[in-house]
Amino acid sequence: MTAIQVVHASKIYRRYSRKRQFATLKSALLSGNLLRNLAPDETFPAIRDVSFTVPAGRTLGVIGRNGSGKSTMLKLVAGITKPTSGTVTVNGRISALIELGAGFHPEISGRENVFINGIMLGLSKREIAARFAEIVEFAELEDFIDAPVKTYSSGMYMRLGFAVAIHVDPDVLLVDEVLAVGDEGFTHKCLDKFAEFKRRGKTILLVTHSLGLVERFCDEALWLDAGRMKAMGDPKRVVGAYITDVEALEEEQLAASDARAQDTAAISPDNAAAAVLPDHPVEAAGAPPDTAGAAGAGRPETPMDFFRAVEGRWGSREVEITDVLLVGAAGERGHVFHSGERVDIHIRMRAPLPLEDFVIGIGIFNAEGVCCFGTNTDIEDLQSERIHGDAEAVFTIESVDLVEGTYKLDVAVHKRDGYPYDYHRLLYTFRVKSRRKDVGIYRPRHEWRFSDGIALTRSGGGPA
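Under the numbering used here, think of the first position of the sequence shown as 1140, with each following residue one higher.
So this is what it looks like as structure tokens:
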């Protein structure tokens, strides 16, 4: 039996722009422009020719970027809005967890709102009375159910709406990102309720950004992109394709962002501030600058807290960094990598005249400006002898053991006393992706071992 059938469904909205405002209705009528100025400028297709079928008792997860049409599709299935073309057919009673508590009246009590909302969802007064205690207990509102809803916090309001909707006992349950309606304990109760529905053979349509939930909970996944169906089928396959697509877009965005930052920082060597920089990337924090030596008098000093410096570029350019490439394990230049993956940092330089005194260094910072790692050739006991012409240094990180997040890269070449030839400050961005949502910065290689008194099972089956 088919629970949900969508056939060539499209939904087109009209878009209006801000136009000349009339001072009065009289002026609008006299001008004769009222109807023309209130006409839509263009149309916006939220859903474009989408077709799919959900058999009864199956769970379908809908994924996609913001604005891809996920919520619009859910509203079409719920009957909140009608398709511009095509058909949407649903068999059985629907409960939609989309706009929780949309029918609540703020001036009356939670008790009265439960009855009103339940009737709106298709229950009789007798059915609501029979389930009332369970609804209140699920919402964790025993002490507040007789207070006016206007006195509820947003979390209480949403929990009550969720509890009413989930106890309608529908044949088809529609869920739109409502798992953030309470604390972690309440979220687990919601997931347990979904699992119960699934065991009872109910049909569930779940819109979520939680890809792990889709893989574990859903029988199939539907990927929407710009209103079109990009893929549908096995959740792991569809989620994997979606992640690859997201990473490709992130790659483009990071590349464009880096290009803008480097263009802004590409100042002339004649105007560059040859600041004296400490050559140790860690000890530099908070250290006073060494104003003596080759930098010369009258030139700007290094900021007292070096790690608070904004992105930019400075140096004499006696050695110039011409390009910096981050290359992944597959040998392709990129900005998006996976935790544990190998990354090569290629630093290309040009020295018009031969030099003997030089140090090449890198530093990695997280988005909050915390130094995750820094080193240079001098720290690692590599004594400089000569650099001349076009040259390249490759710094290989065998395993990027960082947690998921966005990171910035410092690259520099300077003298041993800190005098900068070319310093690129936070001009290169890369992103580390991971299915493991660790906390912190560093993800060390590790394993768990357990005694016979502990039994664990990995998600998806199999012993831990």
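Beta carbons: idealized from backbone N, C-alpha and C, even for Gly. This structure is a prediction, so every number in the text was calculated from the model and none was measured.
- Considering only P1374, R1574 and E1457, the residue with the shortest C-alpha distance to E1543 is R1574.
- Straight through space, the alpha carbons of R1597 and R1588 are spaced by roughly 14 Å.
- For N1505, the enclosing beta strand (DSSP E) starts and ends at V1498 to N1505.
- Distance from the CA of V1229 to the CA of L1260, rounded to the nearest whole angstrom, comes to 16 Å.
- Distances from the CA of L1363 to each of E1276, S1590, A1148 and A1142 were compared; the closest alpha carbon is that of A1148.
- In this structure the region 1211 to 1218 touches the region 1180 to 1193; the number of beta carbon pairs closer than 8 Å is three or more.
- Straight through space, the alpha carbons of L1492 and D1402 are spaced by roughly 25 Å.
- Its Cα nearest to that of F1497, the residue T1516 stands out among E1586, T1516 and E1480.
- E1359: member of the beta strand (DSSP E) spanning E1359 to D1364, first to last residue.
- When DSSP assignments are scanned along the region 1248 to 1314, the uninterrupted stretches of alpha helix (DSSP H) that are 4 or more residues long and fall wholly within it turn out to be 1249 to 1259, 1264 to 1278 and 1293 to 1305.
- R1570 places its beta carbon less than 9 Å from that of Y1546.
- Runs of the alpha helix (DSSP H) spanning 4 or more residues and lying entirely within the region 1466 to 1547 do not occur at all.
- Boundaries of the beta strand (DSSP E) harbouring R1570: P1559 to K1572, taken from the DSSP string.
- The alpha-carbon separation between K1332 and I1151 amounts to approximately 35 Å.
- Note: T1198 is bridge-paired with I1343 in the DSSP secondary-structure output.
- Inter-residue distance for L1494 and R1376 is about 54 Å (C-alpha atoms, whole angstroms).
- Following the DSSP letters along the chain, one finds T1383 inside the alpha helix (DSSP H) bounded by residues P1374 to A1404.
- Following the DSSP letters along the chain, one finds R1355 in no beta strand (DSSP E) but inside the alpha helix (DSSP H) bounded by residues L1350 to F1356.
- Per DSSP, reduced to three states, the secondary structure at T1141 is strand.
- The secondary-structure analysis by DSSP pairs L1464 across a beta bridge with H1485.
- In its chain, beyond the 5 residues on either side, no residue has a beta carbon closer than 7 Å to the beta carbon of A1387.
- By the Cβ-count criterion, M1297 is buried, with 16 or more other Cβ atoms from all chains shown falling within 10 Å of its own Cβ.
- Taking C-beta separations shorter than 7 Å and ignoring five residues to either side along the sequence, the partners of A1394 in its chain run H1474, following chain order.
- Between the C-alpha atoms of E1335 and G1196 there is a straight-line separation of about 12 Å.
- Rounded to whole angstroms, the Cβ separation of G1366 and S1224 is 13 Å, and the two are not in contact under 8 Å.
- The continuous alpha helix (DSSP H) containing V1216 extends over residues K1209 to A1217.
- Checking the DSSP bridge columns, you'll see P1184 partnered with I1151.
- L1566 counts as buried, since at least 16 other C-beta atoms from the protein chains shown sit within 10 angstroms of its C-beta.
- The shortest C-alpha to C-alpha distance from E1279 to any of A1268, G1294 and R1265 is the one to G1294.
- Under the criterion of beta carbons closer than 8 Å, L1344 and L1236 do not qualify as touching, at roughly 10 Å.
- Put simply, of E1507, F1534, E1524 and T1461 the residue whose alpha carbon is nearest the alpha carbon of T1514 is F1534.
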